[in-house]
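*Asks:*
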Amino acid sequence: MKLKKTPMRFQRLKGTRDILPEEIGKWQAAEAVIHQVMARFGFSEIRTPIFEETELFARGIGQLTDIVSKEMYTFADRGDKSLTLRPELTAGVVRAYIENNLGKKQPVNKLYYLGPTFRQENPQAGRLRQFHQFGAEIFGSPDPAADVEAITLSIGIYRAFQLDRFVVKLNSVGDAVCREPYKNTLREYLRPRLNHLCQTCQQRFEKNPLRILDCKEESCRGETAAAPKLFESLCADCSRHFARVRELLTAAGITYDLDFRLVRGLDYYTRTAYEIVSDQLGAQDALCGGGRYDLLVEELGGAPTPAVGFAAGVERLMMVLEKIAWQPALKPAPAVFMAPLGEAATAWAVQIAQQLRLQGLAVEMDLLSRGLKAQLREANRQQARFAVIVGDNELQNQHATVRDLPNSLQSEVAFADLISYLQQSMQSRGS
Ligand code: HAM
Numbered sequence: 000m001k002l003k004k005t006p007m008r009f010q011r012l013k014g015t016r017d018i019l020p021e022e023i024g025k026w027q028a029a030e031a032v033i034h035q036v037m038a039r040f041g042f043s044e045i046r047t048p049i050f051e052e053t054e055l056f057a058r059g060i061g062q063l064t065d066i067v068s069k070e071m072y073t074f075a076d077r078g079d080k081s082l083t084l085r086p087e088l089t090a091g092v093v094r095a096y097i098e099n100n101l102g103k104k105q106p107v108n109k110l111y112y113l114g115p116t117f118r119q120e121n122p123q124a125g126r127l128r129q130f131h132q133f134g135a136e137i138f139g140s141p142d143p144a145a146d147v148e149a150i151t152l153s154i155g156i157y158r159a160f161q162l163d164r165f166v167v168k169l170n171s172v173g174d175a176v177c178r179e180p181y182k183n184t185l186r187e188y189l190r191p192r193l194n195h196l197c198q199t200c201q202q203r204f205e206k207n208p209l210r211i212l213d214c215k216e217e218s219c220r221g222e223t224a225a226a227p228k229l230f231e232s233l234c235a236d237c238s239r240h241f242a243r244v245r246e247l248l249t250a251a252g253i254t255y256d257l258d259f260r261l262v263r264g265l266d267y268y269t270r271t272a273y274e275i276v277s278d279q280l281g282a283q284d285a286l287c288g289g290g291r292y293d294l295l296v297e298e299l300g301g302a303p304t305p306a307v308g309f310a311a312g313v314e315r316l317m318m319v320l321e322k323i324a325w326q327p328a329l330k331p332a333p334a335v336f337m338a339p340l341g342e343a344a345t346a347w348a349v350q351i352a353q354q355l356r357l358q359g360l361a362v363e364m365d366l367l368s369r370g371l372k373a374q375l376r377e378a379n380r381q382q383a384r385f386a387v388i389v390g391d392n393e394l395q396n397q398h399a400t401v402r403d404l405p406n407s408l409q410s411e412v413a414f415a416d417l418i419s420y421l422q423q424s425m426q427s428r429g430s
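Residue numbering for the sequence shown follows numbering that gives the first Met the number 0, starting at 0 and increasing by one per position.
(1) Assuming His131 is part of the alpha helix (DSSP H), what are its boundary residues?
(2) Excluding the five sequence neighbours on either side, which residues of its own chain have a C-beta within less than 8 Å of the C-beta of Cys234, listed in chain order?
(3) If I follow the unbroken beta strand (DSSP E) through Ile275, where does it start and stop?
(4) When you measure from the CB of Phe133 to every non-hydrogen atom of the ligand HAM, does any distance come out below 7 Å?
(5) Of the residues Arg243, Asp266 and Asp79, which one's Cα is nearest the Cα of Lys206?
(6) Please classify Asn379 as buried or exposed, where buried requires at least 16 neighbouring CB atoms within 10 angstroms.
(7) Near Lys109, which residues of its chain fall below 6 Å by C-beta distance, leaving aside the five closest residues on each side in sequence?
(8) On the CB-based measure, 16 or more other CB atoms within 10 Å of its CB, does Asp146 come out buried or exposed?
(9) Tell me the rounded alpha-carbon separation between Val92 and Thr151.
(10) Where Thr400 and Ala343 are concerned, what is the direct C-alpha to C-alpha distance, given to the nearest angstrom?
(11) With respect to 7 Å, is the separation between the Cβ of Leu12 and the closest non-hydrogen atom of the ligand HAM below this value?
(12) Can you list, in chain order, the residues of its chain whose CB lies under 6 Å from that of His240, leaving out five sequence neighbours each side?
(13) Just how far apart, CA to CA, sit Gln123 and Leu19?
(14) For Leu265, verify whether its CB is less than 7 Å away from any heavy atom of the ligand HAM.
(15) Taking 8 Å as the cut-off, does the segment 84 to 103 touch the segment 291 to 305 (at least 3 CB pairs, one atom from each stretch)?
(16) Going by the DSSP bridge assignment, what does Ser218 pair with across the sheet?
(17) Closer than 7 Å: is that where the CB of Ala29 sits relative to any heavy atom of the ligand HAM?
(18) Quick one, which of Asn170, Leu212 and Leu340 has its alpha-carbon nearest Arg243's?
(19) Taking all protein chains shown into account, decide if Ser419 is buried (16 or more other Cβ within 10 angstroms of its Cβ) or exposed.
(20) Looking only at DSSP bridge pairs, what is Lys109 linked to?
(21) Mind checking who Cys200 pairs with in its DSSP beta bridge?
(22) Please tell me whether Lys1 has its Cβ less than 8 Å away from any Cβ of chain D.
(23) In whole angstroms, give me the CA-to-CA distance for His398 and Asp391.
(24) I'd like to know whether the C-beta atoms of Thr83 and Tyr96 end up nearer to each other than 8 Å.
(25) Considering only the beta carbon of each residue, do Val335 and Leu367 sit closer than 8 Å?
(26) Take the Cβ of Phe309 as the centre, count every other Cβ of all protein chains shown within 10 Å, and call the residue buried at 16 or more, exposed below.
(27) If we ignore side chains and look at the alpha-carbon of each, how far apart do Val412 and Pro333 end up?
(28) Is the beta carbon of Ile388 less than 8 Å from the beta carbon of Ala338?
(29) Near Arg190, which residues of its chain fall below 7 Å by C-beta distance, leaving aside the five closest residues on each side in sequence?
(30) Spatial neighbours of Ala361 within its chain, please: CB distance less than 7 Å, with the 5 preceding and 5 following residues excluded, ordered by chain position.
(31) Starting from the N-terminal side, write out each stretch of the alpha helix (DSSP H) that is 4 residues or longer and does not extend beyond the segment 259 to 345.
(32) Would you check if the distance between the CB atom of Phe133 and the CB atom of Ala302 is smaller than 8 Å?
(33) Tell me the rounded alpha-carbon separation between Ser430 and Gln358.
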């Protein structure tokens with residue numbers, strides 16, 4: 000007798016989503032736009048593993064950060080090695096950059112990525128446990144022009160979707176020279192106010208006072224409203240760098256808001272920090288965030304290498320695209336609709352269609368053995384440029400009837416000349 004298992008139904012885990020066939024078209028179209036804009040800016044794609052050694056993230060992102068201290072999916076493999084599902088991609092890309100000696104191959108490396116990312120946060124609108132990030136990293140340039148290249152790239156991607164309702168928030172978090180003295184200044188300012196700060200901020204006071212500035216609690220924000228600003232306490236080098244970043248942003252036509260509260264939730268930043276926020280997202284309003292991290296490559300065992308980059312949430316992008324009812328560009332109309340009449344003509348048409356497609360033209364074929372009228376109606380519906388009509392007569396005298404559909408013009412073209420005729424006609428129409 001066969002033993003029957005008791006059926007059990009499963010549900011997706013909290014904070015995860017199924018991307019269903021009905022939405023996948025938009026995802027693929029959005030990803031295509033991202034790939035195109037990245038290529039236009041001269042970035043090459045890199046794909047790194049979804050899991051890495053836990054230590055890479057602990058060192059890279061910082062032990063005290065929320066991400067490392069409470070949000071990572073960490074597990075032991077069978078050899079008892081501690082592994083972690085990537086909570087962001089920068090650390091893995093830096094590891095790959097060092098391990099593959101990319102810095103030796105060219106002076107400046109411009110890399111981008113797109114893929115799943117994991118953080119065990121409390122799920123809410125725009126905040127998931129498995130989400131997707133796209134982002135870019137520039138290695139090898141300390142120049143403010145590189146910071147501006149990263150910022151203009153992220154803006155360029157949103158603009159490519161016709162999005163313009165967003166705000167760029169900009170700050171400088173200084174470097175090893177000026178940040179520590181600033182932290183002391185900030186602590187001195189906050190010390191008499193400590194009792195009015197929330198529990199989390201009180202805990203952050205000693206080790207991570209900068210994060211007190213970006214606390215969302217109204218009372219904490221009130222206490223820090225007049226706090227000394229890091230971008231006004233920068234050392235000479237950081238100050239020069241920041242001024243030049245601002246100058247170049249203005250030259251690029253980019254408006255931004257200076258935001259002294261923007262300190263980012265990852266520890267690796269030096270100098271420029273920025274975020275792009277949208278009022279169409281709700282509480283989780285950051286479309287993307289990033290900045291400069293000049294010390295990370297060295298901290299992870301590489302040669303000292305300045306770097307700057309950003310990452311963006313794909314789900315958040317999809318949310319704002321939904322709000323503006325973004326429609327991906329439709330598939331291009333066919334250049335040629337093959338309209339054969341009868342079996343012999345179909346055999347000929349299959350062969351011509353294949354040749355034209357291999358030459359790079361978009362070609363459609365009638366697949367229902369329809370009559371001429373129905374085929375031409377279908378060709379018009381698909382907005383094809385030309386219909387190639389071939390029946391017994393045409394086969395006999397080795398000429399096809401080529402109909403220029405938008406202009407309702409018709410010509411006879413010898414079989415031998417047909418492919419070059421169609422190619423040239425499409426070229427002269429700029430397709
Ligand atoms: P991040 O600010 O932690 O930066 O994340 C970047 C973006 O990922 C956020 O602005 C948001 O759009 C999206 N995101 C983050 N967490 C979630 C979540 N739980 N659910 C949905 N979307 C989320 C980084 O990850 C840095 N690696 C950025 C960077 C690259 N800095 C320099 N290079």
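Ideal Cβ placement from N, Cα and C applies to all residues, glycine included. Just so you know, these numbers come straight off a predicted model, no measurement behind them.
*Replies:* On the basis of the data shown:
(1) Run containing His131: none in the alpha helix (DSSP H); it sits in the beta strand (DSSP E), Gln129 to Phe138.
(2) Gly173, Asp174, Val176 and Cys177
(3) Thr271 to Val276
(4) no
(5) Asp266
(6) exposed
(7) Gly41, Phe42 and Ile137
(8) buried
(9) 21 Å
(10) 16 Å
(11) no
(12) Pro143 and Arg270
(13) 20 Å
(14) yes
(15) yes
(16) Ser218 pairs with nothing; no bridge assigned.
(17) no
(18) Asn170
(19) exposed
(20) Ile137
(21) According to DSSP, which records beta bridges pairwise, Cys200 is partnered with nothing at all.
(22) Structure shown: chain D not included; a single protein chain is present.
(23) 10 Å
(24) no
(25) no
(26) buried
(27) 19 Å
(28) yes
(29) none
(30) Pro331, Pro333 and Ala334
(31) 295 to 298 and 313 to 322
(32) no
(33) Unreliable positioning characterises Ser430 in this predicted model, as indicated by a pLDDT of 43, which lies under 50. A coordinate reading is not provided.
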